[in-house]
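For reference, each letter of the sequence shown is one residue, going 66 to 298 in the numbering used here.
We put the beta carbon where it would ideally sit given N, CA and C, even for glycine.
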Amino acid sequence: MSHSFIQISDCHIDDVEHAMGINTHVNLKKIINKIININTDALLISGDLTHNGTITAYKTLQQILSPVQTRLLVISGNHDINNNLNAIFSKNLFSQFTLGKWAIISANSVQTSKTSGFLTKDELIKLDFSLAQSTAKHILIVLHHPIVPMNSAWDDSLSLENPKALFNMLDKYPKIQAILFGHAHQAAEFSRLGVKIISCPSTALQFNNETRIGFNHYTLHDNGQLTIDTQWI
């Protein structure tokens with residue numbers, strides 16, 4: 066038996082349609098029009114839902130997402146303003162959720178007024194506790210910031226500042242199958258000690274000369290196998 070979910074990231078919806086030199090509203094609508102025709106259990110947005118974090122932008126995003134009938138789950142990114150995000154998407158923010166024999170557990174890597182990420186001591190303790198308490202057979206971790214060098218034009222100084230602290234803790238848990246993130250606006254896959262490390266493309270634009278927009282579709286198998294399908298438009 067298997068379950069699936071879709072990850073989108075870095076939508077950068079603004080008060081106006083154009084942000085970062087492109088129409089982020091139209092691009093996200095293209096992605097949503099494709100997603101709604103896929104049979105999946107959940108849609109996960111891994112941060113930077115909006116570009117400027119205003120209430121107007123979150124309401125616009127809510128409207129664009131309205132055709133989605135599946136479960137919606139979100140975490141914040143460095144462009145998001147938590148108070149405004151909570152006001153519109155409080156019921157969609159999550160620390161963990163379960164799909165079959167899998168648990169998807171989030172970590173908050175966002176720093177106030179900084180582009181790069183950092184996992185505080187309290188956040189690491191919280192994540193450690195969630196992992197220790199989980200009864201799932203297989204686990205995915207999701208956060209906003211990249212945790213490995215991207216081997217591209219991406220500026221790695223804008224990624225997670227303390228990945229070693231994260232790895233030191235995660236290495237205690239062999240049930241972890243993969244770690245997912247966004248922020249880098251590019252699709253990439255790495256591996257560390259048998260754990261998949263997966264970067265999700267942006268629905269707005271990519272930073273590595275890729276001209277398409279895209280998303281990741283994951284299939285979670287009961288035996289612990291994880292299938293990744295990056296789809297482009």
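Point to revise | Residue range of the unbroken alpha helix (DSSP H) whose run includes N147 | key: For N147, the enclosing alpha helix (DSSP H) covers residues N147 to F154.
Review point. If we call anything under 8 Å between Cβ atoms a contact, is A252 one with G289?
Key: No, they are not a contact pair.
Exercise for review: Would you check if there are 3 or more beta carbon pairs closer than 8 Å linking the region 237-248 to the region 258-272?
Suggested key: Touching, yes, given that three or more Cβ pairs across the two stretches are closer than 8 Å.
**Study point:** Residue interval of the alpha helix (DSSP H) (run including F232)
**Key:** Residues P228 to L235.
**Study point:** Sufficient close CB pairs (3 or more, under 8 Å) joining the region 68-82 to the region 173-192
**Key:** The region 68-82, when compared against the region 173-192, does not touch it at the 8 Å Cβ threshold.
Check your understanding: With distances taken between CB atoms, is the gap from S141 to N147 smaller than 8 Å?
Key -> Taking 8 Å as the Cβ cut-off, S141 and N147 qualify as a contacting pair.
Check your understanding: First and last residue of the alpha helix (DSSP H) that includes L93?
Key -> Where L93 is concerned, the enclosing alpha helix (DSSP H) stretches over T89 to I100.
Practice item. Spell out the partners DSSP gives V175 in its beta bridges. Key: According to DSSP, which records beta bridges pairwise, V175 is partnered with G182.
Exercise for review: Inspect the beta-carbon positions of V139 and F154 and report whether they are closer than 8 Å.
Suggested key: It is a contact, given that the beta carbons lie within the stated cut-off.
Practice item. Report buried or exposed for G259, applying the criterion of at least 16 other Cβ atoms within 10 angstroms of its Cβ. Key: Result: exposed.
Check your understanding: Which ranges does the beta strand (DSSP E) cover as unbroken runs of at least 3 residues, wholly within the region 101-127, from first to last along the chain?
Key -> Runs found: 107-111.
Review point. Going by the CB atoms, is the gap between N117 and D80 shorter than 8 Å?
Key: Yes, they are a contact pair.
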